[in-house]
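Using the working numbering, you'd call the opening residue of the sequence shown number 1 and step up by one each time. Single-structure report; data block below.
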Amino acid sequence: MIDPHDNDGVTDGRCRCPRCNAFREQHPCPDDSEIVWKVIVAVAERVKEKFPGKYITTLVYPPKMQMPKTVKIPDNVRVRICTSGPKEIATPNRLESDLELIRTWKDLAGAENLPLWTYQCMVFARRLPGPPETYPHLTDEYLRKIKPLTAGMYLEMHALTFTYKWLDTYMSGRLMWDQSLSVDDELKAFYAAAYGPAAEPARELFARFEENWIKLWRQNYPDVRRDKPGCLGMSGGRGSFQEFQQNTWREVYHQQEMHAIDERIQKIESLCAGHPVYSKHARLLREQIFNVMQLERALVMDKEELRSKIKLELRNIPMPEGSFPTESAWANATAQPLSIADRRKPRLRAGGSFKVLRSGEKLFVRADLEEPRLSGSKTKKGRQIGDKDIWRDNDVELFIYAPATNTFWQFVINDEGKWAANCLESQPSQWKAYPGVEISCQATPGGWQMLAAIPLTGLGKGEWRFNLTRNRMVEGAAQEYSTWSELAILGNWRDPDNYGNLIFKD
């Protein structure tokens, strides 16, 4: 395969020498297709001259996505187009974009010179590890569609274990070898050979996997055309792969579905018991698919499901503009206790709690913190509001995150009422003013109290995440960290996936 460009992601595959730049000026192109094709054609012509009957291959891949205009592709060049592959059967509009591109290249290079490079590897780079990517019916239909347009298809297949891809490896080979075969007849033969008396429940299990894959694919990949040359492969998904994983485990492979799969595998294990080959294959379904799914799901959803239970429900309390909640209003709010944030320590030596109220577009937070050693506070005297080193003091910290707008703020407040705001929306973060914030602190019997009023304007609507942490820094006691959200431990305080939820009841 000949692809004469540096595609390491640093140079973007583009040589910037004077000769290449002069060529670009003479032959403008959205990427470097013209200059790269010029080299490929020269290589192909030399190969044709020196090795008659031999050919070279090349990819339609960045930075070479355009058809050449300054050179003619020789007939000894096999052009490989990288397309998403069989799973696009589930999204017809996306599929048509790929087929249209294939037809265009077919007209230029000829079907006999057009092998595809397709993908069955959503697990690659841990984009979606766990859910079985199995769809023999989609593969069958895809092969029938591309047969008159191409010279064939290379299918790049990745999986966490071989059992994940055993069925699809076998079926792809059979269907590519002979497209007159019936996909359902071939599946029936596979299940009988692999699972014997459990062939039917095995068929039902893998049919369920295929249905679930189609469901999760459609859920994350809207069925809209992709007409830009760079929109090949698996582009066009919603949100991040982290969101894809969460949505998949929450809405497709939820706990009830995992239970149903477990029951199906139990039935297969029972029917195969005692047979040396069938029982082994049944055991691998559990060890190499189900147990792996459970592990991958836990990595995502144990946190997600636990976080969903860490919540604060807030009602709107009518109050005069510019005022703070009354003692009676605070008395009706539920106290949220802090817990140890360092798992190496057995318990907090100085506890604390906080309450939250809301009035209109303003959030009120009151923290009551135990501190028998307040006179020995290590807070640096003379700090001013906005000092970005306040985090070194005896302090509390508030974290507020709005996923809908990606608004993310940290407020660091020492025991003298001096505070600083840190915008965490991008890295590096920015210490800057947050308009309208009012914060005060005072000593109380056996401790100290923090009171904050934070305007909510600009944070957007929908789900909000929140956490309150404490950094205890006093003479005569070891530094101690505490937190409201039990998911937020030392080292991950700035990850909003570890915060609780703020829920507005009106």
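Backbone N, C-alpha and C fix where the C-beta goes; we use that ideal spot for every residue, glycine too. Keep in mind that this is a model prediction, so the values were computed, not measured.
Residues near residue i by beta carbon distance below 6 Å, same chain, minus five either side
{"i": "I503", "result": "K311, E313"}
{"i": "N467", "result": "F399, W484, S485, A488, Y499"}
{"i": "Y434", "result": "A421"}
{"i": "W217", "result": "K87, A90"}
{"i": "P403", "result": "E463"}
{"i": "E438", "result": "A453"}
{"i": "Y401", "result": "F408, R465, P496"}
{"i": "K38", "result": "V71"}
{"i": "C272", "result": "A198, Y278, S279, A282"}
{"i": "P132", "result": "Y164, F209"}
{"i": "G386", "result": "A420"}
{"i": "V10", "result": "In this predicted model, V10 has a pLDDT of only 47, less than 50, meaning its place in the structure is not dependable; the value taken from the coordinates is given anyway. Cβ neighbours of V10 beyond the five flanking positions: none."}
8 Å CB neighbourhood of residue i in its chain, flanking five on each side removed
{"i": "E486", "result": "L306, I310, S339"}
{"i": "A42", "result": "none"}
{"i": "N594", "result": "In the structure as shown, the chain starts at 1 and stops at 506, and residue 594 therefore has no counterpart that could be examined."}
{"i": "G110", "result": "D75"}
{"i": "N501", "result": "R307, S308, I310, K311, L312, E463, W464, R465, F466"}
Counted within 10 angstroms of its Cβ, other Cβ atoms place residue i as buried (16 or more) or exposed
{"i": "F290", "result": "buried"}
{"i": "T248", "result": "buried"}
{"i": "T134", "result": "buried"}
{"i": "S426", "result": "exposed"}
{"i": "K418", "result": "buried"}
{"i": "P496", "result": "buried"}
{"i": "R347", "result": "exposed"}
{"i": "G230", "result": "For G230, the pLDDT reaches just 49, beneath the cut-off of 50, and the residue's location in the model is therefore unreliable, although a value from the coordinates is still provided. Result: exposed."}
{"i": "S308", "result": "exposed"}
{"i": "L456", "result": "buried"}
{"i": "D415", "result": "buried"}
{"i": "V277", "result": "exposed"}
{"i": "M122", "result": "buried"}
{"i": "N394", "result": "buried"}
{"i": "F162", "result": "exposed"}
{"i": "A331", "result": "exposed"}
{"i": "M1", "result": "exposed"}
{"i": "E287", "result": "exposed"}
{"i": "V410", "result": "Per the sequence shown, residue 410 should be read as Gln rather than Val. Classification of Q410: buried, given that the 10 Å Cβ count is 16 or more."}
{"i": "P68", "result": "buried"}
{"i": "W177", "result": "exposed"}
{"i": "G130", "result": "buried"}
{"i": "Q384", "result": "exposed"}
{"i": "G436", "result": "exposed"}
Residue i and residue j closer than 7 Å at C-beta
{"i": "L490", "j": "D342", "result": "yes"}
{"i": "E100", "j": "P74", "result": "no"}
{"i": "L519", "j": "K106", "result": "Since the first residue shown for the chain is 1 and the last is 506, residue 519 is missing from the structure and cannot be characterised."}
{"i": "H158", "j": "F124", "result": "yes"}
{"i": "D3", "j": "T58", "result": "yes"}
{"i": "L160", "j": "V300", "result": "no"}
{"i": "Y55", "j": "R78", "result": "yes"}
{"i": "L285", "j": "I265", "result": "yes"}
{"i": "M153", "j": "T118", "result": "yes"}
{"i": "V412", "j": "M450", "result": "no"}
{"i": "K378", "j": "R366", "result": "no"}
{"i": "W431", "j": "K380", "result": "no"}
{"i": "V252", "j": "K215", "result": "yes"}
{"i": "L128", "j": "T83", "result": "no"}
{"i": "I35", "j": "F23", "result": "yes"}
{"i": "E370", "j": "G382", "result": "no"}
{"i": "N220", "j": "F241", "result": "no"}
{"i": "E112", "j": "A151", "result": "yes"}
{"i": "P325", "j": "L357", "result": "yes"}
Rounded Cβ spacing between residue i and residue j (contact assumed at less than 8 Å)
{"i": "D368", "j": "T444", "result": "7 Å"}
{"i": "P63", "j": "D31", "result": "4 Å"}
{"i": "E304", "j": "R238", "result": "Contact flag wrong, Cβ pair sits at about 17 Å."}
{"i": "A282", "j": "I261", "result": "Contact doesn't hold; Cβ gap of about 13 Å is too wide."}
{"i": "A202", "j": "Y191", "result": "5 Å"}
{"i": "P318", "j": "S359", "result": "7 Å"}
{"i": "R349", "j": "E475", "result": "Not a contact, Cβ separation roughly 14 Å."}
{"i": "R174", "j": "E186", "result": "5 Å"}
{"i": "T70", "j": "H27", "result": "5 Å"}
{"i": "N93", "j": "R225", "result": "5 Å"}
{"i": "K188", "j": "R315", "result": "At roughly 60 Å, the Cβ-Cβ gap does not stay under 8 Å, so K188 and R315 are not in contact."}
{"i": "Q518", "j": "L143", "result": "Nothing about residue 518 can be read from this structure; the chain reaches only from 1 to 506."}
7 Å Cβ cutoff, residue i in contact with chain D
{"i": "F23", "result": "No chain D appears in this structure, which consists of one protein chain only."}
Other residues of its chain near residue i: CB distance less than 7 Å, five sequence neighbours each side excluded
{"i": "D98", "result": "T83, S84, E88"}
Check whether the stretch 140-151 touches the stretch 191-206, taking contact to mean three or more Cβ pairs, one atom from each stretch, closer than 8 Å.
Too few Cβ pairs lie closer than 8 Å, so no.
Quick test of the definition: if touching needs 3 or more C-beta pairs under 8 Å, does the stretch 160-175 touch the stretch 330-338?
Contact between the stretch 160-175 and the stretch 330-338 is absent, because fewer than three Cβ pairs lie under 8 Å.
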